[in-house]
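Student: I have a structure I would like to understand better, so I am pasting it below and will then ask my questions one at a time.
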Amino acid sequence: MTFTVGTIGTPRLLVRPFREDDLDAIHALQSDPEVVRYLPWLLRTREESQTWLAARIAASTLEADDDAVAYAVERRDDGRVLGSITLFLRSIEHEQGEIGFVLERSAQGQGYAAEATAAVLDLAFPALDLHRVVGKADARNTASATLMQRLGMRQEAHLRECERFKGEWGDLVVYAVLREEWDRLRGRAQPASSDSRKDLRSSPPA
Ligand SMILES: CC(C)(COP(=O)(O)OP(=O)(O)OC[C@H]1O[C@@H](n2cnc3c(N)ncnc32)[C@H](O)[C@@H]1OP(=O)(O)O)[C@@H](O)C(=O)NCCC(=O)NCCS
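Quick look at the structure:
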C-alpha cells in the first residue's frame, strides 16, 4: 500500500503538496516565536526552513510505520500559504495515524485549521484504512486542544512531564478519534468493508 500526497479542495482552501516556492511563507511562520512556542522545535533559520521544505517535498508517500507527509494550506482567494498539516502513518498493523497542524499567526482564529484538518482526515481514514487517529499537544497549548475538541476528537490522556520540552519538563495531552466516530461526526455510515474486516479479525483461528 502506498499513499501519495495530493491536492484536496475545501470551500476556502487548497490543501496540497508543498513546492519550492513555498519557502517564504514557511520560513515566516517557522521563524515566528508565537507560532513555535508549543512546538518541539526551535525557531528556524531560512536555511533550516529550506532543509525542512526540501525534506517535505521529497517525502511524498506513506508506506511504512512513522512515515509522514506534509500538506501546504493555501487560501483559494489570494493563493497565500497559511501553514501546514502533517499526516503520520504510525502503525500499519494497528491502523493508527497521527495529525499535526501549524498556521501563521494572521491566519489563526478563522477556522482554517479545522477546515484543512477535517479534509485531510476525510481522505486519510479511508485511503490509509486507519482505525484511529491521534493528535498530541503541549498541555499549555489551548488553541491546539480547542481545535481538536472542535473537530470531535476526545482527550484520552494528560501525560505529566513525559518529555523535556525546551529545557524543562513538559506535559502532553493526547486526543484521538476512531474511524467510526469520525464517520458519525461527518454524517456517514460506516463502510461495510470495515465491518467485515473487523469480523475476520475477531474470528477464532480455523
Ligand atoms: C493550533 C492552531 C493550528 C489552531 O488554529 P485555529 O485557527 O485556532 O483553529 P481553527 O481553524 O479551528 O479556528 C477556530 C477559530 O476560528 C473561528 N472562526 C472564524 N471563522 C470560522 C469559520 N468560518 N469556521 C470555523 N471557525 C471559524 C472560531 O470561532 C475559532 O475562534 P475561537 O477559538 O476564538 O473561538 C493554531 O493555533 C496554530 O497554528 N498554533 C501554532 C502552532 C501550534 O501550536 N500547532 C499545534 C501543535 S500541537
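For what it's worth, the working numbering labels the leading residue of the sequence shown as 123, then goes sequentially.
Beta carbons: idealized from backbone N, C-alpha and C, even for Gly.
Does any heavy atom of ligand 1 sit closer than 6 Å to the C-beta of V295?
Tutor: Translated into positions along the sequence shown, residue 295 becomes position 173. V295 Cβ: outside cutoff for every heavy atom of ligand 1.
Student: Any idea if R298 is buried or exposed, counting beta-carbon neighbours within 10 angstroms, 16 or more meaning buried?
Tutor: By 1-based counting over the sequence shown, the position of residue 298 is 176. Correcting the residue identity first, residue 298 is Ala in this sequence and not Arg. A298 comes out buried.
Student: Which one or two residues does DSSP pair with M179 in a beta bridge?
Tutor: Here residue 179 refers to the residue found at position 57 when the sequence shown is read from its first residue. Sequence inspection shows Ile at residue 179; the Met mentioned does not correspond to that position. I179 is not bridged to any residue.
Student: Spell out the partners DSSP gives P248 in its beta bridges.
Tutor: The residue you call residue 248 lines up with position 126 of the sequence shown. Looking at the DSSP assignment, P248 forms no beta bridge with any residue, so it has no partner.
Student: Whose CA, out of T167, A180, P155, lies closest to the CA of R141?
Tutor: Residue mapping note: residue 141 aligns to position 19 of the sequence shown, counting from 1. Closest by alpha carbon: A180.
Student: Could you tell me if the beta carbon of D225 falls within a distance shorter than 6 Å of some heavy atom in ligand 1?
Tutor: Counting from one through the sequence shown, the residue named residue 225 turns up at place 103. The question names Asp, yet the displayed sequence has Leu at residue 225. Yes.
Student: Could you compute how far the alpha carbon of L322 sits from the alpha carbon of H216?
Tutor: In the sequence shown, residue 322 corresponds to position 200, counting from 1. In the sequence shown, residue 216 corresponds to position 94, counting from 1. Residue confidence for L322 is low, a pLDDT of 31 falling below 50, so the modelled location carries little weight; the figure read from the coordinates is stated next. Approximately 15 Å, taken between the alpha carbons.
Student: Note down the Cα distance separating A186 from S153, rounded to an integer number of angstroms.
Tutor: Sequence index remark: in the sequence shown, residue 186 carries index 64 (1-based). Sequence index remark: in the sequence shown, residue 153 carries index 31 (1-based). About 31 Å.
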